[in-house]
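These notes are about the structure you will find just below.
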Amino acid sequence: MTPALVCEGLVKRYGDKTVVDRVGFHIDEGEAYGLLGPNGAGKTTTISMLVGLLRPDEGSVRVGGIDVDEDPVAAKRLIGYVPQEIALYPELTARENLRYFGRLYGLPRRELTSRIGEVLDLVGLAGRGDDKVDTYSGGMKRRTNIAVALLHRPRLLILDEPTVGVDPQSRVAILDRVEALVGDGMSLLYTSHYMEEVERVCTRVGIIDRGRVVADGTKRELVAELGGTDRVELTLDGDVTAAADKLRVVEGVSEAVVTGSSSIRLLVAGGRHLLPALLAAVGDAGAVTGVEVVEPDLEAAFLHLTGSTLRD
Amino acid sequence: MRALLVVGGHELRSRLRDGTAPLIALVAPIMLATLFGLALGGDDDPPLKATIGVVDLDGGEFPASVQREALNTDELKGVLTFRQYPDEAAARGAVDGGEAGAALVFPAGFSEGVGAGRGGQVSVMESPESPLAGVVARSMVDRISALVEARTLAVRASLEAGVPADRVQVFVEENGAAGPALSLVGDPVAGGRVDLAVHYGAGMAVMFAFFVVGTTARSLLTERQNGTLDRMRAAPVPLWTALVGKSAVGFGLALVSMCATWLSSVLIFGASWGDPLGVFPLLLAHVFAATAIVMLVASRAKTDAQADGYTLGVAFVFAFLGGSIVPVYNLPEWLRGVSLITPNGWVSAGLSELAGTGAGPSAVLGPIAVVTGIGVVAGALALLGFRKGRFA
Numbered sequence: 000m001t002p003a004l005v006c007e008g009l010v011k012r013y014g015d016k017t018v019v020d021r022v023g024f025h026i027d028e029g030e031a032y033g034l035l036g037p038n039g040a041g042k043t044t045t046i047s048m049l050v051g052l053l054r055p056d057e058g059s060v061r062v063g064g065i066d067v068d069e070d071p072v073a074a075k076r077l078i079g080y081v082p083q084e085i086a087l088y089p090e091l092t093a094r095e096n097l098r099y100f101g102r103l104y105g106l107p108r109r110e111l112t113s114r115i116g117e118v119l120d121l122v123g124l125a126g127r128g129d130d131k132v133d134t135y136s137g138g139m140k141r142r143t144n145i146a147v148a149l150l151h152r153p154r155l156l157i158l159d160e161p162t163v164g165v166d167p168q169s170r171v172a173i174l175d176r177v178e179a180l181v182g183d184g185m186s187l188l189y190t191s192h193y194m195e196e197v198e199r200v201c202t203r204v205g206i207i208d209r210g211r212v213v214a215d216g217t218k219r220e221l222v223a224e225l226g227g228t229d230r231v232e233l234t235l236d237g238d239v240t241a242a243a244d245k246l247r248v249v250e251g252v253s254e255a256v257v258t259g260s261s262s263i264r265l266l267v268a269g270g271r272h273l274l275p276a277l278l279a280a281v282g283d284a285g286a287v288t289g290v291e292v293v294e295p296d297l298e299a300a301f302l303h304l305t306g307s308t309l310r311d
Numbered sequence: 000m001r002a003l004l005v006v007g008g009h010e011l012r013s014r015l016r017d018g019t020a021p022l023i024a025l026v027a028p029i030m031l032a033t034l035f036g037l038a039l040g041g042d043d044d045p046p047l048k049a050t051i052g053v054v055d056l057d058g059g060e061f062p063a064s065v066q067r068e069a070l071n072t073d074e075l076k077g078v079l080t081f082r083q084y085p086d087e088a089a090a091r092g093a094v095d096g097g098e099a100g101a102a103l104v105f106p107a108g109f110s111e112g113v114g115a116g117r118g119g120q121v122s123v124m125e126s127p128e129s130p131l132a133g134v135v136a137r138s139m140v141d142r143i144s145a146l147v148e149a150r151t152l153a154v155r156a157s158l159e160a161g162v163p164a165d166r167v168q169v170f171v172e173e174n175g176a177a178g179p180a181l182s183l184v185g186d187p188v189a190g191g192r193v194d195l196a197v198h199y200g201a202g203m204a205v206m207f208a209f210f211v212v213g214t215t216a217r218s219l220l221t222e223r224q225n226g227t228l229d230r231m232r233a234a235p236v237p238l239w240t241a242l243v244g245k246s247a248v249g250f251g252l253a254l255v256s257m258c259a260t261w262l263s264s265v266l267i268f269g270a271s272w273g274d275p276l277g278v279f280p281l282l283l284a285h286v287f288a289a290t291a292i293v294m295l296v297a298s299r300a301k302t303d304a305q306a307d308g309y310t311l312g313v314a315f316v317f318a319f320l321g322g323s324i325v326p327v328y329n330l331p332e333w334l335r336g337v338s339l340i341t342p343n344g345w346v347s348a349g350l351s352e353l354a355g356t357g358a359g360p361s362a363v364l365g366p367i368a369v370v371t372g373i374g375v376v377a378g379a380l381a382l383l384g385f386r387k388g389r390f391a
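Just so you know, the protein sequences line up as chains A and B, in that order. Per numbering that gives the first Met the number 0, residue 0 is the first one in the first sequence, and the count goes up by one each step. Per numbering that gives the first Met the number 0, residue 0 is the first one in the second sequence, and the count goes up by one each step.
Next up, the structure:
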């Protein structure tokens with residue numbers, strides 16, 4: 000079966016700076032793929048090249064077997080793109096927004112009317128479709144943002160940070176809808192700051208850092224790379240920077256990152272057995288008030304691969 | 000094509016919904032053109048009734064002949080009036096007070112000096128409030144200078160040929176230099192003869208074309224900031240669809256604006272801008288150039304507010320330099336040449352031909368070609384900027 004998306008060797012430079020450096024991955028038909036990376040890692044630039052907004056300096060993108068560079072219009076017909084920002088006209092109603100973009104996507108007028116009703120229902124806004132978008136909550140705007148991308152029944156849905164700035168309830172609602180779409184066979188590319196969202200929705204994950212994909216695989220494969228490494232979350236009162244410096248030199252500690260004013264995240268081989276040594280290493284730098292040892296997970300894999308946290 | 004219509008229809012509805020289209024495309028230019036026309040134009044327009052003061056300290060034949068010939072010149076019949084003043088101070092007072100638009104001063108012994116081949120000097124006083132009188136007075140002085148030079152040369156040549164000094168004046172007059180024959184070469188008052196209702200109507204139309212297209216430029220930048228431009232570009236349509244669809248609406252509204260101002264000028268003042276077959280292509284070319292120039296400006300802007308500022312700046316500078324606000328003949332000499340780097344200047348020159356001389360459409364082929372060329376160059380540069388700025 001033709002993959003929903005294949006990108007190979009994507010490069011984008013701005014002057015001397017290479018912001019995307021030989022990025023490549025693929026998404027199979029019906030697969031949900033997560034692209035994880037901190038701010039500035041090159042996620043949005045990569046997505047801009049995938050959806051034909053930006054021409055890569057090198058590399059190629061094929062959507063459903065169609066080369067985006069050779070036939071961008073046909074390729075874009077297969078993509079439903081949800082940008083990071085709320086790309087809607089606030090002075091129009093949701094229905095008017097949907098009608099405009101639906102017509103731009105070439106949906107016949109009669110089909111469009113019924114399809115608008117369907118997608119409004121799908122995102123849970125059937126009762127508010129005739130209200131102006133600027134009267135919506137953040138979550139409702141996000142859902143409308145997604146609805147626009149679903150109008151033309153795309154084969155590949157690309158969601159760029161779709162839950163930024165929404166309340167937990169709306170986030171759950173959005174994730175439920177996305178899971179349902181994937182369950183119905185839609186292919187998905189999902190980027191997010193929230194590890195738990197990617198873990199929940201995606202079956203395969205690519206980790207992008209400083210413009211490069213540093214790892215690509217299923218969650219199980221990525222976590223397996225850690226071997227017997229655990230994630231340890233330390234909470235302490237005192238100088239966290241000095242404590243992290245001391246912890247880094249403890250044998251068995253591969254990473255030590257300050258994650259807050261009183262928290263440190265560690266990657267430790269055989270975490271539970273090493274706890275006494277860790278507590279001793281902190282010493283005068285602060286008083287440890289909490290310790291949590293977490294079995295290997297995607298968060299730990301990310302830290303292991305990039306040496307940083309997602310919210311850096 | 001269908002996608003272009005979708006984008007264009009959306010843009011037009013937005014402009015109508017927020018009220019900018021009727022206000023900037025119709026109400027403002029028509030109202031300003033009408034106010035300017037009422038205040039400065041019309042049949043009793045003072046500049047079209049130029050009064051020139053004459054201080055004749057010479058008392059000879061030459062000043063009298065000059066006035067007689069000027070009044071008999073076809074171009075100045077019914078336009079020009081001479082008023083006599085005893086001295087320069089009285090003439091200066093009349094010019095400053097608005098009684099005369101300009102004044103000529105013939106010094107004592109002027110006719111005798113010219114007759115004897117010694118030449119002479121005529122001075123002119125002008126008022127910035129009476130541009131036509133100034134133009135006429137200056138052109139008369141130019142013509143007098145040419146006559147005096149010719150006469151002086153004839154006298155000197157006759158003397159050198161051996162004609163006795165006491166017979167030289169009679170000899171020269173008998174052989175073709177009898178007195179001043181004041182024919183105004185070309186039409187020195189062409190600019191001034193365009194009714195100021197036409198001048199200001201056209202000027203406002205030309206200037207507001209930039210503003211009308213400017214609302215589209217602003218909308219383009221706003222859409223980029225809001226992300227809706229990228230959403231349009233991600234649709235299965237060519238990348239340039241949003242840019243071209245929106246520009247087409249700006250172009251169309253600007254054309255409607257110019258034609259409405261033209262029509263209002265005809266209906267309100269009964270003024271003629273000239274042969275419609277010449278006027279319309281000229282306006283069309285200007286709208287094309289204005290659209291391309293504003294889009295070039297927008298392609299360099301980062302925010303919608305910046306696009307607004309750039310458009311305002313370009314529109315006002317071009318309007319000033321190109322004679323849309325102040326008639327070109329009122330500008331300093333060095334600025335008159337500069338006016339021709341603006342489409343406004345060429346449109347103004349073209350309309351002067353059409354409305355001022357009654358010339359046919361062929362007379363504006365040059366201005367139309369130049370204005371279109373300006374549009375093509377600006378449009379090409381705009382496209383490069385838009386590609387770089389991720390608009391297209």
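Even glycine gets a Cβ: it sits at the ideal position worked out from N, Cα and C. Just so we're clear, the structure is a prediction, and the values are computed from it rather than from any experiment.
Using a Cβ-Cβ cut-off of 9 Å, V6 of chain B counts as an interface residue toward chain A, since at least one Cβ of chain A sits closer than that to its own.
Beta-bridge analysis with DSSP links Q83 of chain B to B:V53. Residues of the segment 10-21 of chain B with a Cβ closer than 9 Å to any Cβ of chain A, in chain order: S13, R16, D17. For V286 of chain B, the enclosing alpha helix (DSSP H) covers residues 275-299. Boundaries cannot be given for C201 of chain A, as no alpha helix (DSSP H) includes it and DSSP labels it neither H nor E. Interface with chain A (9 Å Cβ-Cβ cutoff): V205 of chain B is excluded.
Using a Cβ-Cβ distance cut-off of 8 Å, the segment 287-305 of chain B and the segment 372-383 of chain B are in contact, since at least three pairs of beta carbons, one from each stretch, lie closer than that value. Our two residues, P161 of chain A and A73 of chain A, have alpha carbons roughly 25 Å apart in a direct line. Residue nearest to L281 of chain B within the set B:V265, B:F61, B:V205, B:G336 is B:V205 (criterion: CA-CA distance). When DSSP states are grouped into helix, strand and coil, I26 of chain A belongs to the strand group.
Around the beta-carbon of Y32 of chain A, 16 or more other beta-carbon atoms lie within 10 Å, marking it buried. Distance from A101 of chain B to S122 of chain B at the Cβ level is roughly 11 Å; contact not present, criterion being Cβ atoms closer than 8 Å.
Contact with chain A is found for G226 of chain B, since one of that chain's Cβ atoms lies less than 9 Å from the residue's Cβ. In this structure, the beta-carbon distance from L383 of chain B to S246 of chain B does not fall below 9 Å. Remark: three or more beta-carbon pairs, one from each stretch, lie closer than 8 Å, so the segment 36-52 of chain A and the segment 3-15 of chain A are flagged as touching. Interface with chain B (9 Å Cβ-Cβ cutoff): P55 of chain A is excluded.
When rounded, the separation of the alpha-carbon atoms in G259 of chain A and G237 of chain A is 12 Å. Within the same chain, and ignoring the five residues on either side of T288 of chain A in sequence, the residues whose Cβ sits closer than 7 Å to its Cβ are T234, L235, D236.
Between P235 of chain B and chain A, the shortest Cβ-Cβ separation is below 9 Å. Fully enclosed alpha helix (DSSP H) runs of no fewer than 4 residues occupy 137-149, 167-182, 194-200 of the segment 135-205 of chain A, in order along the chain. Distance from S261 of chain A to E30 of chain A at the Cβ level is roughly 40 Å; contact not present, criterion being Cβ atoms closer than 8 Å. In this structure, the CA atom of D57 of chain B is about 23 Å from the CA atom of V134 of chain B. Neighbours of K75 of chain A in chain B, taken as residues whose beta carbon is under 7 Å from its own, are A233, A234, P235 in chain order. For A214 of chain A, the enclosing beta strand (DSSP E) has its first and last residue at 211-217.
Counting C-beta pairs closer than 8 Å gives fewer than three between the segment 56-71 of chain A and the segment 218-229 of chain A, which falls short of the contact rule. The C-alpha of D20 of chain A lies about 54 Å from the C-alpha of C258 of chain B. By the rule that beta-carbons nearer than 9 Å mark a contact, S191 of chain A does not touch chain B. With contacts defined as CB atoms closer than 9 Å, I51 of chain B and L103 of chain B qualify as a contacting pair. Within chain B, the residues placing a beta-carbon under 8 Å from that of V50 of chain A are A233, ordered along the chain. Uninterrupted alpha helix (DSSP H) stretches at least 4 residues long and entirely within the segment 48-90 of chain A occur at 71-76, given in chain order.
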